Amino acid sequence: MCGIVAYVGNRNCKNILINGLKRLEYRGYDSAGIALLQGADRKAGSPTNIEISIIKEEGKIRALEREAKELKIDGNCGIGHTRWATHGEPTQTNAHPHLDCSGRIAVVHNGIIENYAELREELKKEGHKFISETDTEVLPHLLEKYYNGDLLFAMQKVLKKIKGSGAIVAISAEHPGELIGARIASPLIVGISKNENFLASDMPAVLEHTRNFVVINDFETVRITKDKVEIFGKEGKLIERESFKVNWNIASAEKGGYEDFMLKEIFEQPYGVKETMRGRLIDGKLNFDELNLSIEQVKNLKKVHIIACGTSYHTALIGKQIIEKWAKIPVEIDFSSEYRYRDPIVEDNYLFVAITQSGETIDTLAAIREAKLKGAKIVAITNVVGSTVARESDSVIYTHAGPEIGVCATKTFTAQIMVMYLMGLYFARVKEHISQSKCQKIIEELEIIPNKIQNILNKADEIARIADATYKFTCFLFIGRIYSLPAALEGALKLKEISYIHAEGYPAGEMKHGPIALTDTKTVVVGIMPIDSVYEKILSNIQEVKARKAAIFSIITEGDENTKKYADYVFHIPKTIEELYAILTIVPLQLYSYYIAKHLGRNVDQPRNLAKSVTVE
Ligand code: F6R
9 MCGIVAYVGN
19 RNCKNILING
29 LKRLEYRGYD
39 SAGIALLQGA
49 DRKAGSPTNI
59 EISIIKEEGK
69 IRALEREAKE
79 LKIDGNCGIG
89 HTRWATHGEP
99 TQTNAHPHLD
109 CSGRIAVVHN
119 GIIENYAELR
129 EELKKEGHKF
139 ISETDTEVLP
149 HLLEKYYNGD
159 LLFAMQKVLK
169 KIKGSGAIVA
179 ISAEHPGELI
189 GARIASPLIV
199 GISKNENFLA
209 SDMPAVLEHT
219 RNFVVINDFE
229 TVRITKDKVE
239 IFGKEGKLIE
249 RESFKVNWNI
259 ASAEKGGYED
269 FMLKEIFEQP
279 YGVKETMRGR
289 LIDGKLNFDE
299 LNLSIEQVKN
309 LKKVHIIACG
319 TSYHTALIGK
329 QIIEKWAKIP
339 VEIDFSSEYR
349 YRDPIVEDNY
359 LFVAITQSGE
369 TIDTLAAIRE
379 AKLKGAKIVA
389 ITNVVGSTVA
399 RESDSVIYTH
409 AGPEIGVCAT
419 KTFTAQIMVM
429 YLMGLYFARV
439 KEHISQSKCQ
449 KIIEELEIIP
459 NKIQNILNKA
469 DEIARIADAT
479 YKFTCFLFIG
489 RIYSLPAALE
499 GALKLKEISY
509 IHAEGYPAGE
519 MKHGPIALTD
529 TKTVVVGIMP
539 IDSVYEKILS
549 NIQEVKARKA
559 AIFSIITEGD
569 ENTKKYADYV
579 FHIPKTIEEL
589 YAILTIVPLQ
599 LYSYYIAKHL
609 GRNVDQPRNL
619 AKSVTVE
């Protein structure tokens, strides 16, 4: 799980690459490096005297930037990489780019070469010398082996040799002004501009230079010069592909005045949720053409199967409750990583839904492929246009939350929940399981959800004060029932991933079957308990843990005076209909995790051991 950026053009590119890597740090951040074709500007077209200069550093891009400033090297063709270690420790030697024996070919790579051990042995026997512990290092040596004067040809041979995944970019001192890229299962895009072109793992890396993009697909290779982009298919045939324009501006990919991306993204939720409704809720009417399902197909739907990981899995839990309640369609859910290894059943009139904010999660991708093999129709819900999941699915519903840079999913989560509500309602209407008047009431409520989220955000200071009073506790139990259970699970996940404090999410009724043994004076129990059909039940659960000396923090509905008798801290959320509380209750929990983590001095945007797109198993 790494980030790649590459440049070819007329400008010196050292800083272009480093700035691009900074925007990709969310993909990995344990070491980084760049390689430049020195002299390529002066000797365009002639390899004589051209050499590759490499700068690599352990740690964040800042370390690389400091080192690069010191060194008086530059060039107008280069590659850069930010790493998240899979094979070999995060050290300077293991950082990319890697070189062949001659030092004339440099490679960056994002992914895993599964057969690298075997290839390495083979290459060693042939006399190649390895210096790192990485799987990637086989790539420059393989390129060296197959090089016959054409680096693209060598790359195409390499793709046939390797097993696994990867976005690969190579430069060679023999080919100044040329980038060669390839892709198997890891994202790679081309950024197109005047007299310069780019390759990158993701758009923010080059958004300040261009808004024109082309996506590279699996098993394709690409040769890029400053004024030409040539894409080749698996068999080496030239492919014509239209570029597309994105309208994300660079400001929306940066912090916009907030201390951290995570906080900025939490505050962007009213916008993300509203944008996600756009086009799907027009004048009080639901439109879901993008599902690509005829009315007849929806009417005949017998089962929905949702798969996802992490936070997106919590969206799946909400989706199950909503679709079953409103549309009366049975919903099965699975962790993507489980689905692919069991023997799931795909039936007729079955819909397979994959939820993934990044659109690149390898387990979700593998589950989709498995379901496809079994004949399922795939609907993807993702935030990233052109992502692998989006391209491999039969239809895609995009959440329009905008780029999420913080590793922690926040605004993509509420946008996903909104899709679940809209989809559940759409199915319910088509299947006539919900009356027009009830549907209208829900729609009216959905339309004001962004304002209600804003109302919660306006009181962020109250949450900051509760975090201030509780951040020294060592155990946090988040409890909820029915519609508040996914929020409890998500609240616990948020807290543990950014604060590194032990936290559990639990169905409130299950507390007495085990977790209640954990409660003592060092425990905070966070009760998600809006006024709904199970409110009285969870109120009893709160009293049980209160009796065992836990501190109680309750998320309650405005006007609820009763809970205050038992809770040490309360936070009020606006009233809504029972099924919609999940999209509101999660917001104070995101803020709570954020403020606790800040108190503890954590890096909330880049929590340890985590990355934004989990592209390795
Ligand atoms: C938590 C988080 C992860 C992701 C998970 C799935 O804040 O971000 O748990 O939800 O890695 O990622 P996607 O949704 O990209 O498939």
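Taken in order, the sequence shown gives residues 9 to 625; the numbers are from the numbering used here.
Glycine included, every Cβ here is placed at the ideal spot set by N, Cα and C.
As the structure is a prediction and not an experimental result, all values here were calculated from the model.
| Asked | Found |
| --- | --- |
| Contacting residues, own chain, Cβ-Cβ under 6 angstroms from Phe-296 (five flanking each side not counted) | Tyr-434 |
| Every unbroken beta strand (DSSP E) within the region 318-379, with a cutoff of 3 residues, ordered by chain | 339-343 and 358-364 |
| Meets three-Cβ-pair contact criterion under 8 angstroms: the region 541-551 and the region 512-524 | yes |
| Buried/exposed call for Asp-49, threshold 16 Cβ in 10 Å | Low local confidence applies: a pLDDT of 48 at Asp-49 is under 50, so the model's placement there is unreliable, and no value is given. |
| Rounded separation between Glu-470 and Ala-14 - CA only | 45 angstroms |
| Burial state of Phe-240, where buried means 16 or more other Cβ atoms lie within 10 Å | buried |
| Asp-38, buried or exposed, once every other Cβ within 10 Å from all chains shown has been counted against 16 | buried |
| Pairwise C-alpha distance: Pro-615 and Ser-140 | 26 angstroms |
| Length at least 3, wholly inside the region 536-615: the beta strand (DSSP E) runs in chain order | 559-565 and 577-581 |
| Cβ-based burial, His-521 [other Cβ within 10 Å; buried from 16] | exposed |
| Buried versus exposed, by CB contacts within 10 Å (16 or more), Gln-444 | exposed |
| The beta strand (DSSP E) enclosing Ala-43, as first and last residue numbers | 39-46 |
| For Lys-456, the first and last residue of its enclosing beta strand (DSSP E) | According to the sequence as given, residue 456 is Ile; it is not Lys. Note, Ile-456: premise wrong, no beta strand (DSSP E); alpha helix (DSSP H) at 444-465. |
| Heavy atom of the ligand F6R within 7 angstroms of Gly-17 beta-carbon | no |
| Of the residues Ile-524, Gly-280, Ile-188 and Gly-119, the one placed nearest Leu-151, counting alpha carbons only | Ile-188 |
| Reduced DSSP secondary structure (H/G/I, E/B, other) of Asp-49 | Unreliable positioning characterises Asp-49 in this predicted model, as indicated by a pLDDT of 48, which lies under 50. The coordinate reading is nonetheless provided below. Three-state result, Asp-49: coil. |
| Burial state of Arg-348 (16 or more Cβ within 10 Å) | buried |
| DSSP state of Ile-314 mapped onto helix, strand, coil | strand |
| Validate contact between the region 175-191 and the region 371-387 using beta carbons, cut 8 angstroms, 3 pairs | no |
| For Glu-340 and Gln-46, the rounded distance between their alpha carbons | 57 angstroms |
| Candidates Lys-310, Pro-352, Lys-382 and Leu-588, of which the one nearest Thr-323 by Cα | Leu-588 |
| Distance between Ala-500 and Ile-594 (C-alpha atoms, nearest Å) | 10 angstroms |
| Gly-318: CB within 7 angstroms of a non-hydrogen atom of the ligand F6R | yes |
| Opposing strand residues paired with Thr-90 [DSSP bridges] | Gly-11 and Ala-40 |
| Three-state secondary structure (DSSP) of Leu-381 | helix |
| Alpha helix (DSSP H) runs wholly inside the region 77-157, at least 4 long, in chain order | 124-133 and 146-154 |
| Heavy atom of the ligand F6R within 7 angstroms of Thr-478 beta-carbon | no |
| His-607 to Ala-475 span [Cα, whole Å] | 8 angstroms |
| CB of Glu-569 within 8 angstroms of CB of Lys-583, strictly | no |
| Short Cβ contact (8 angstroms threshold) for Thr-571 with Val-532 | no |
| As assigned by DSSP and simplified to three states, the class of Ser-492 | helix |
| Outcome for Arg-610 when other beta-carbon atoms lying within 10 angstroms are tallied against a minimum of 16 | buried |
| Contact test: Glu-33 Cβ vs the ligand F6R heavy atom, cutoff 7 angstroms | no |
| Exposure of Val-612, with buried meaning 16 or more beta-carbon neighbours within 10 Å | buried |
| Simplified DSSP state of Gly-174, which is helix, strand or coil | strand |
| Whole-Å CB distance - Ala-114 paired with Ala-43, under 8 angstroms assumed | 4 angstroms |
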